[in-house]
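Novice:
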Amino acid sequence: MSYYPDDDESADEVPWAPPPDYFVLKTEDFVMKSEGFTHPENSNKGLIFGVGRVPPDWAKESRRDLDHTNNLFTEDRQLIENELCWHCGLTAYQQVFTSYSPPLKILSTKANSGLWAMGSNWLLKDFPNDGCSPGNDYITHKFLRSQLGPEAPLISDMQLPLAEILHLLSKKASDDLSEQLFQFLRQIRRFTALGAQKVDGGKLEDRILGACEGIGYRPVCKRIGFTTDEWFENIAEELRMGLSKIHKTSDPLIIDKEFQKLKDNFPKPEPYVLTHCDLTEGNIIIKDGKISAIIDWEHAGYYPWWVERYIATGLRSSAITLSALPRLEPCMSDVEFRKAVLYKLAPVREAWNACKKEHPGNYDGWQRPPFSKGSP
0 MSYYPDDDES ADEVPWAPPP DYFVLKTEDF VMKSEGFTHP ENSNKGLIFG
50 VGRVPPDWAK ESRRDLDHTN NLFTEDRQLI ENELCWHCGL TAYQQVFTSY
100 SPPLKILSTK ANSGLWAMGS NWLLKDFPND GCSPGNDYIT HKFLRSQLGP
150 EAPLISDMQL PLAEILHLLS KKASDDLSEQ LFQFLRQIRR FTALGAQKVD
200 GGKLEDRILG ACEGIGYRPV CKRIGFTTDE WFENIAEELR MGLSKIHKTS
250 DPLIIDKEFQ KLKDNFPKPE PYVLTHCDLT EGNIIIKDGK ISAIIDWEHA
300 GYYPWWVERY IATGLRSSAI TLSALPRLEP CMSDVEFRKA VLYKLAPVRE
350 AWNACKKEHP GNYDGWQRPP FSKGSP
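Under numbering that gives the first Met the number 0, the first residue of the sequence shown carries the number 0, and numbering increases by one thereafter.
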């Protein structure tokens, strides 16, 4: 049965209306297609099949201007090297005279970094070689594979980010994904440490308390201490300066007293659990209607138990993520979490932000050119 009206239906008939479940979409409907050499139209949109390299009549008019070649040559018939895409180097000549479609596709970008799909079986992460590349991503991958084996929630082939389908999901599909995410997080949180650190024992970048605003993605200025005392010591200078401005005093006794209040009222950090620390929709990967992997572990490590939920709240993560996280602490409702964590972190963040911080030269850097004359 077709949901679409037949071509011979008259205009006077009642317009077609979708059945009640037409827009109740499942994640299976949005699984990324693998490339197929016998059916490339499945993975390349808009392909036109031409017999003897001649497009069908219905396509000739739409291609007339696209296949116009006068602009490719000078008056003396010298080829003009007109680059269409500065990402891949495709030229207008190649676009007109070949039908090559590369299997390399950009999946996501962030600052000067990108994630490429290499066909349907491989992913390539491209980061600048500036001395700050996130080797922690690889280190965490290696750790999870060694501990969990095939059950590790890591990507193994071409799949689809949750961000691509989130707005199309039914409530049931969202609930199913939330349950799967909960099981994933519960699995990795079995790994604990005595203090804050990366899985190889290195120091974590501080994107929680000592995070400077608007300075880009990396590197950051501060590191999280192994204990709460060490953490506060790493940002003590900025906190004391901020407290001085908030309380309008330079009296060291008053500042010391307020500084100690911040530490005494700080959320209890134990247990330190393995934490992803960047659970955005783009980092949750879907395949065959299920969460198959979590990517971008560059910020991962052993953090206080509340960090995953705190970061997700700040990132305004999806309802799928935000509904899964409270279940990791069954007795911690949103109201209780605000009282136990958010309200206690707020004065520390206030003191940090009250201290004026400058980063000379931080905004210096190379920027991309326009994509083309007609596009930004």
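Here a beta-carbon is modelled for each residue, glycine too, at the ideal position from N, C-alpha and C. Since this is a predicted model, take the numbers as computed values, not measurements.
Tell me whether the region 296-304 and the region 195-202 touch, counting them as touching only if at least three CB pairs, one residue from each stretch, are closer than 8 Å.
Specialist: Output reads yes: the region 195-202 touches the region 296-304.
Novice: DSSP on serine 112, reduced to helix/strand/coil?
Specialist: As a first step, residue 112 is located in the sequence shown; it is residue number 113 there, counting from the start. The answer is strand: DSSP assigns serine 112 an E or B state.
Novice: Using a 10 Å radius around the Cβ and a threshold of 16 neighbouring Cβ atoms, would you call glutamine 179 buried or exposed?
Specialist: Looking up residue 179 in the sequence shown gives position 180. Answer is buried; the Cβ neighbour count reaches 16.
Novice: Measuring only the C-alpha atoms, how far is leucine 83 from valine 95?
Specialist: Position 84 of the sequence shown holds residue 83. Position 96 of the sequence shown holds residue 95. So the two alpha carbons sit approximately 11 Å from each other.
Novice: May I ask you to report which of helix, strand or coil DSSP gives arginine 308?
Specialist: Residue mapping note: residue 308 aligns to position 309 of the sequence shown, counting from 1. Helix at arginine 308.
Novice: Taking aspartate 287 as the reference, give the member of Val347, Glu307 and Leu176 with the closest Cα.
Specialist: What you label residue 287 is simply residue 288 of the sequence shown in a count that begins at 1. The shortest C-alpha separation from aspartate 287 is found at Leu176.
Novice: How is the alpha helix (DSSP H) around threonine 139 delimited, first residue to last?
Specialist: For the purposes of this step, residue 139 is taken as the residue at position 140 of the sequence shown. First-last of the alpha helix (DSSP H) with threonine 139: 134-147.
Novice: Tell whether a beta-carbon distance below 9 Å holds between alanine 116 and isoleucine 105.
Specialist: Here residue 116 is taken as the residue at index 117 of the sequence shown, counted from 1. Here residue 105 is taken as the residue at index 106 of the sequence shown, counted from 1. Contact: yes.
Novice: Going residue by residue through the region 224-281, where are the continuous alpha helix (DSSP H) segments of at least 4 residues, counting only ones entirely within it?
Specialist: Counting only runs of 4 or more, we get 227-233, 235-245 and 251-263.
Novice: So, using beta-carbon positions, are cysteine 354 and glycine 200 closer together than 9 Å?
Specialist: As a working mapping, residue 354 is identified with position 355 in the sequence shown. As a working mapping, residue 200 is identified with position 201 in the sequence shown. No, Cβ-Cβ distance for cysteine 354 and glycine 200 is not below 9 Å.
Novice: At the level of alpha carbons, what is the spacing between leucine 314 and tyrosine 137?
Specialist: Within the sequence shown, the letter at position 315 stands for residue 314. Within the sequence shown, the letter at position 138 stands for residue 137. Going from the Cα of leucine 314 to the Cα of tyrosine 137 covers about 23 Å.
Novice: Any contact between the region 329-345 and the region 218-235? By contact I mean 3 or more CB pairs, one from each, below 8 Å.
Specialist: Not touching, per the Cβ criterion.
Novice: By DSSP's criteria, leucine 123 is part of a beta bridge. Which residues make up the other side?
Specialist: Taking the first residue of the sequence shown as position 1, residue 123 is located at position 124. Looking at the DSSP assignment, leucine 123 forms a beta bridge with Trp115.
Novice: Hey, out of Phe190, Gly134, Ser107 and Ser291, whose CA is closest to serine 145's CA?
Specialist: Taking the sequence shown and counting its residues from 1, the one referred to as residue 145 is at position 146. Considering only alpha carbons, the answer is Phe190.
Novice: In its own chain, which residues sit with a C-beta less than 7 Å from the C-beta of tryptophan 305, not counting the 5 before and 5 after it?
Specialist: Numbered from its first residue, the sequence shown carries residue 305 at position 306. Excluding residues within five positions, the ones whose Cβ falls inside 7 Å are Pro266 and Val340.
Novice: Bridge partners of proline 303, per DSSP?
Specialist: Position 304 of the sequence shown, counted from the start, is the residue given in the question as residue 303. Paired residues: Tyr271.
Novice: Could you name the residues of the same chain whose beta carbon sits closer than 8 Å to that of glutamate 80, not counting the 5 residues immediately before and after it, in chain order?
Specialist: Counting from 1 along the sequence shown, the entry for residue 80 is found at position 81. If we look at glutamate 80 and ignore the five residues flanking it on each side, its Cβ neighbours are Thr90 and Tyr92.
Novice: Taking all protein chains shown into account, do 16 or more other C-beta atoms lie within 10 angstroms of the C-beta of threonine 26, making it buried, or fewer, making it exposed?
Specialist: Taking the sequence shown and counting its residues from 1, one reaches residue 26 at position 27. Interpretation of threonine 26 is limited by its pLDDT of 36, a score under 50 that renders its predicted location unreliable; the figure taken from the coordinates is listed afterwards. The residue is buried, with at least 16 neighbouring Cβ atoms inside 10 Å.
Novice: Going by Cα to Cα distance, which pick from Ser107, Ala110, Gly88 and Asn111 is closest to serine 100?
Specialist: Numbered from 1 along the sequence shown, position 101 holds the residue referred to as residue 100. When only C-alpha atoms are compared, the closest one is Gly88.
Novice: Measuring only the C-alpha atoms, how far is alanine 311 from leucine 78?
Specialist: In the sequence shown, residue 311 corresponds to position 312, counting from 1. In the sequence shown, residue 78 corresponds to position 79, counting from 1. If you take the alpha carbons of alanine 311 and leucine 78, they lie about 53 Å apart.
Novice: Which partner residues does glutamine 196 have in the DSSP bridge list?
Specialist: On the sequence shown, residue 196 is found 197 positions in, with the first residue counted as 1. Answer by DSSP bridge pairing, in chain order: Tyr301.
Novice: Please report how far the alpha carbon of phenylalanine 183 lies from the alpha carbon of leucine 324, in whole angstroms.
Specialist: By one-based count along the sequence shown, residue 183 stands at place 184. By one-based count along the sequence shown, residue 324 stands at place 325. Spanning the two alpha carbons is a distance of roughly 11 Å.
Novice: Here's the rule: buried if 16 or more other CB atoms are within 10 angstroms of the residue's CB, otherwise exposed. What is isoleucine 47?
Specialist: To locate residue 47, count along the sequence shown from 1; it is residue 48. Under this definition isoleucine 47 is an exposed residue.
Novice: Straight-line CA distance for alanine 292 to isoleucine 234?
Specialist: Taking the first residue of the sequence shown as 1, we reach residue 292 at position 293. Taking the first residue of the sequence shown as 1, we reach residue 234 at position 235. Roughly 35 Å separates the two Cα atoms.
Novice: Can you name, in chain order, every residue of its own chain whose Cβ lies under 7 Å from the Cβ of isoleucine 253, other than the five neighbours on each side?
Specialist: Here residue 253 corresponds to residue number 254 of the sequence shown, with the count starting at 1. Closer than 7 Å at Cβ, skipping near neighbours: His246.
Novice: Ignore the nearest five residues each way along the sequence and tell me which others in tyrosine 309's own chain have a CB closer than 8 Å to its CB.
Specialist: Within the sequence shown, the letter at position 310 stands for residue 309. Taken in chain order, the residues that qualify are Ile207, Val340, Leu341 and Leu344.
Novice: Thinking C-beta only, is glycine 113 closer than 9 Å to glutamine 102?
Specialist: Translated into positions along the sequence shown, residue 102 becomes position 103. Translated into positions along the sequence shown, residue 113 becomes position 114. Checking the sequence, you will find proline at residue 102 rather than glutamine. Contact: no.
Novice: Quick one: residues in its chain with C-beta nearer than 6 Å to the C-beta of glycine 209, no 5 flanking neighbours on either side, listed in chain order?
Specialist: Mapped onto the sequence shown, residue 209 falls at position 210. Closer than 6 Å at the Cβ level, and outside the excluded window around glycine 209, lie Lys221 and Ile234.
Novice: For valine 53, which beta-bridge partners are listed by DSSP?
Specialist: As a first step, residue 53 is located in the sequence shown; it is residue number 54 there, counting from the start. Its beta-bridge partners are Val50.
Novice: Are the CB atoms of phenylalanine 231 and phenylalanine 258 within a distance shorter than 9 Å?
Specialist: Numbered from 1 along the sequence shown, position 259 holds the residue referred to as residue 258. Numbered from 1 along the sequence shown, position 232 holds the residue referred to as residue 231. Taking 9 Å as the Cβ cut-off, phenylalanine 258 and phenylalanine 231 qualify as a contacting pair.
Novice: To the nearest angstrom, how far is the alpha carbon of isoleucine 285 from that of lysine 171?
Specialist: One-based indexing of the sequence shown puts residue 285 at position 286. One-based indexing of the sequence shown puts residue 171 at position 172. Using only the alpha carbons, I get a separation of about 16 Å.
Novice: Taking the alpha-carbon positions, what's the glycine 187 to threonine 274 distance?
Specialist: Walking along the sequence shown from the start, residue 187 turns up at place 188. Walking along the sequence shown from the start, residue 274 turns up at place 275. In the sequence on display, residue 187 carries isoleucine and not glycine. Approximately 8 Å between the Cα atoms of the pair.
Novice: In this structure, how does DSSP classify lysine 202 when only helix, strand and coil are distinguished?
Specialist: Working through the sequence shown from its first residue, we reach residue 202 at position 203. Lysine 202: coil per DSSP, three-state reduction.
Novice: Would you report the Cα separation of histidine 418 and glycine 281, rounded to the nearest angstrom?
Specialist: The requested residue 418 is not part of the displayed model; the chain covers only 0 to 375.
Novice: Do the CB positions of asparagine 135 and tryptophan 351 come within less than 9 Å of each other?
Specialist: Taking the sequence shown and counting its residues from 1, one reaches residue 135 at position 136. Taking the sequence shown and counting its residues from 1, one reaches residue 351 at position 352. Cβ distance not < 9 Å, so asparagine 135 and tryptophan 351 don't count as in contact.
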